[in-house]
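Peer 1: Just passing along the structure, written as structure tokens.
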Amino acid sequence: MAELRYESFGIWSKLVFSGKITYEITQKMKGEVEAQLLEMGEGTILVCDLSQVTFLDSSGIGCLVFLNNKMHQKGGSCCLYHPSDVVLKTLDLVQLTTFFDVVVNECDLITRTSG
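Read in my numbering, the sequence shown has 123 at position 76, and its numbers run on one by one without any break.
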């Protein structure tokens with residue numbers, strides 16, 4: 048079962064995704080995610096923790112593209128933190144690995160979010 052958890056840390060916020068991210072799940076999460084984005088201020092950083100994602104379909108990819116674009120529109124940034132092998136393979140298959148800012152370890156994450 049997919050799950051979404053939100054945590055705020057000042058200038059950056061984290062969305063923790065887990066399980067299978069499919070069309071049905073993204074439709075359920077859409078309102079919750081959009082509400083979180085509205086609460087975030089200008090110039091903030093969104094970290095999408097994808098380490099626990101076991102499946103990602105095209106609507107899941109679309110959700111990540113949406114988040115990335117929204118954050119850039121707000122003058123902020125979005126990074127994919129520690130994406131699982133499944134996520135990396137899926138993004139590579141559709142040639143989007145360079146579209147996203149991918150952070151694979153905690154040290155890099157701290158550097159990017161320390162403001």
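Note that beta-carbon positions come from the ideal geometry of N, C-alpha and C, so glycine has one too.
(1) Using a Cβ distance threshold of 8 Å, determine whether the stretch 70-82 contacts the stretch 103-122, with at least three qualifying pairs required.
(2) Who does Ile-157 pair with in a DSSP beta bridge?
(3) Closest by CA to Leu-103, which one among Ile-157, Glu-153 and Ser-65?
(4) Hey, quick one: how far does the alpha helix (DSSP H) through Thr-73 stretch, first residue to last?
(5) Just curious, the alpha helix (DSSP H) that Phe-102 is in, first and last residue?
(6) With which residues is Phe-64 paired in a DSSP beta bridge?
(7) Are Val-63 and Asp-96 closer than 9 Å when you measure CB to CB?
(8) Nearest to Thr-137 by CA position, among Leu-127, Val-150, Ser-105 and Glu-153, is which residue?
Peer 2: Based on what the coordinates show:
(1) yes
(2) DSSP lists no partner for Ile-157.
(3) Ser-65
(4) 70-86
(5) Not the alpha helix (DSSP H): Phe-102 falls in the beta strand (DSSP E), residues 92-103.
(6) Leu-51
(7) yes
(8) Ser-105
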